[in-house]
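Q:
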Amino acid sequence: MRPVPNSLHDKVASRLRDQIFAGDLRPGSFLDEAALCERLEISRTPLREALKVLVAEGLLRHEPRRGCFVAEITDKDLDDLFPVIALLEGRAAHEATHKASGADVAALELLHQRLQQCAAEGRIIDYYEANYAIHEAFITLADNRWLAQVIGDLRKILRLARHQTLHAPGRLQQSLAEHLAVFAALKARDSEAAEEAMRTHLLRQRDALRDIARNQQSRLTP
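Residue 233, in my numbering, is where the sequence shown stops; the numbers in between run on with no holes.
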């Protein structure tokens with residue numbers, strides 16, 4: 012079931028992936044191959060190769076004799092995934108601290124200034140973008156392609172949850188403080204502290220998701 016390299020099926024996989032992340036293809040929904048072929052104006056072969064890619068990424072699940080469905084992420088999945096990605100991104104921070112040059116630190120300084128400004132002005136969407144850029148910078152500075160690949164794969168799964176943790180009360184300022192702690196450790200060239208601070212940052216994201224779920228449940232309960 013290994014996908015055959017093909018630029019068309021890569022483009023189809025990218026389009027479907029974007030639709031999943033945007034919520035246009037909802038978790039648990041069935042992918043009608045005939046309808047997709049008609050809508051995308053492609054034959055079954057590139058579509059099925061694209062579906063194989065997304066199944067391998069964990070974004071779809073394939074059921075024999077039934078077809079493909081958009082994957083659903085459960086609370087147990089989140090409980091299992093966050094400690095793993097926390098370990099991996101913690102390791103990325105550890106390696107980045109060893110490898111970052113003076114110019115790299117200066118670039119990170121600008122990113123963290125942007126993060127602080129977004130937080131001060133309450134611009135959550137822009138904060139998410141700066142937050143993402145900072146995580147990407149640490150992964151790039153770690154210069155470990157295997158680490159980057161596994162983190163990237165897990166991030167795709169976590170995006171299925173479609174939760175915005177910064178809407179939890181107090182989470183925006185908490186997140187900012189966590190980022191600044193990681194950066195302070197990197198500037199001090201303390202790789203162990205940078206690793207621990209990044210792990211804490213990721214695990215607290217899971218805590219924020221639990222808080223959001225509890226608040227939503229309390230509003231639904233009469």
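Glycine residues also receive a C-beta, built at the ideal position from the N, C-alpha and C atoms.
1. Considering only C-alpha positions, which residue in the set Ala45, Asp91, Gly69 is nearest to Arg28?
2. Answer with buried or exposed for Met12, where buried requires no fewer than 16 other C-beta atoms within 10 angstroms of its C-beta.
3. Please classify Tyr138: is it buried, with 16 or more other beta-carbons within 10 angstroms of its beta-carbon, or exposed?
4. Using the C-alpha atoms, what's the distance from Arg76 back to Leu122?
5. What number of angstroms, rounded off, separates the C-alpha of Val95 from the C-alpha of Asp86?
6. For Ala104 versus Ala153, is the C-beta spacing smaller than 9 Å?
7. Is it true that the stretch 154 to 163 meets the stretch 112 to 121, where meeting means three or more beta-carbon pairs spaced less than 8 Å apart?
8. How is the beta strand (DSSP E) around Arg182 delimited, first residue to last?
9. With DSSP run on the structure shown, which of helix, strand or coil describes Glu52?
10. Alpha carbon to alpha carbon, how far is Ala46 from Ala67?
11. Is Ser25 buried or exposed, if buried means 16 or more other CB atoms sit within 10 Å of its CB?
12. Judging by CA-CA distance, which residue of Lys22, Glu44, Ala97 is the nearest neighbour of Asp218?
13. Inspect the beta-carbon positions of Leu234 and Ile168 and report whether they are closer than 9 Å.
14. Which of the three DSSP states is assigned to Leu47 in this structure?
15. Which of the three DSSP states, helix, strand or coil, is assigned to Glu83?
16. Near Cys129, which residues of its chain fall below 7 Å by C-beta distance, leaving aside the five closest residues on each side in sequence?
17. If you run the structure through DSSP and keep just helix, strand and coil, what is Gly34?
18. Please state whether DSSP places Leu171 in a helix, a strand or coil.
19. What's the call for Phe41, buried or exposed, on a 16-neighbour Cβ count within 10 Å?
20. Within 10 Å of its beta-carbon, does Pro180 have 16 or more other beta-carbons around it, so buried, or fewer, so exposed?
21. Thinking C-alpha only, which one of Leu191, His73, Val64, Lys110 is nearest Arg200?
22. Only counting the same chain, and skipping five residues up and downstream in sequence, which positions put a Cβ closer than 7 Å to that of Glu83?
23. In or out: Gly163 buried (at least 16 other Cβ within 10 Å) or exposed?
A: From the atom records:
1. On the sequence shown, position 17 is the one that residue 28 refers to. Checked all of Ala45, Asp91, Gly69; the closest Cα to Arg28 is Gly69.
2. Here the question's residue 12 lines up with position 1 in the sequence shown. Residue confidence is low: Met12 scores 37 on pLDDT, short of 50, so the model does not pin down where it sits. No coordinate-derived value is stated.
3. By 1-based counting over the sequence shown, the position of residue 138 is 127. Buried, because 16 or more other Cβ atoms sit within 10 Å of the Cβ of Tyr138.
4. Within the sequence shown, residue 122 is the residue found at index 111, counting from 1. Within the sequence shown, residue 76 is the residue found at index 65, counting from 1. Cα-Cα distance, rounded: 49 Å.
5. Residue mapping note: residue 95 aligns to position 84 of the sequence shown, counting from 1. Residue mapping note: residue 86 aligns to position 75 of the sequence shown, counting from 1. Each residue's Cα considered, the two are about 15 Å apart.
6. Counting from one through the sequence shown, the residue named residue 104 turns up at place 93. Counting from one through the sequence shown, the residue named residue 153 turns up at place 142. A contact, by the Cβ cut-off of 9 Å.
7. no
8. Here residue 182 refers to the residue found at position 171 when the sequence shown is read from its first residue. It is not in any beta strand (DSSP E) - Arg182 instead sits in the alpha helix (DSSP H) that spans 182 to 198.
9. Position 41 of the sequence shown holds residue 52. Correct three-state label for Glu52: coil.
10. Against the sequence shown, residue 46 aligns to sequence position 35. Against the sequence shown, residue 67 aligns to sequence position 56. Roughly 22 Å between the two C-alpha positions.
11. Within the sequence shown, residue 25 is the residue found at index 14, counting from 1. The residue in question, Ser25, is exposed, as its Cβ has fewer than 16 Cβ neighbours within 10 Å.
12. Mapped onto the sequence shown, residue 218 falls at position 207. Cα-wise, what sits closest to Asp218 is Ala97.
13. Not covered by the structure: residue 234. The range shown for the chain is 12 to 233.
14. Position 36 of the sequence shown, counted from the first residue, corresponds to residue 47. Leu47: helix per DSSP, three-state reduction.
15. For the purposes of this step, residue 83 is taken as the residue at position 72 of the sequence shown. Taken through DSSP and simplified to helix, strand or coil, Glu83 comes out as coil.
16. By one-based count along the sequence shown, residue 129 stands at place 118. Result list for Cys129: Asp137, Tyr138, Ala141, in chain order.
17. Residue 34 sits at position 23 when you count from the first residue of the sequence shown. Of the three classes helix, strand and coil, the one that applies to Gly34 here is coil, per DSSP.
18. Residue 171 sits at position 160 when you count from the first residue of the sequence shown. In the structure shown, Leu171 sits in a helix (DSSP, three-state: H, G or I).
19. Translated into positions along the sequence shown, residue 41 becomes position 30. By the neighbour-count rule (16 or more Cβ atoms within 10 Å), Phe41 is not buried but exposed.
20. Counting from one through the sequence shown, the residue named residue 180 turns up at place 169. So Pro180 ends up on the exposed side.
21. Counted from its first residue, the sequence shown places residue 200 at position 189. The residue with the shortest Cα to Cα distance from Arg200 is Lys110.
22. The sequence position of residue 83 within the sequence shown is 72, counting from 1. Counting only Cβ-Cβ distances below 7 Å, and skipping sequence neighbours, we find Pro38, Gly39.
23. In the sequence shown, residue 163 corresponds to position 152, counting from 1. Flag for Gly163 reads exposed.
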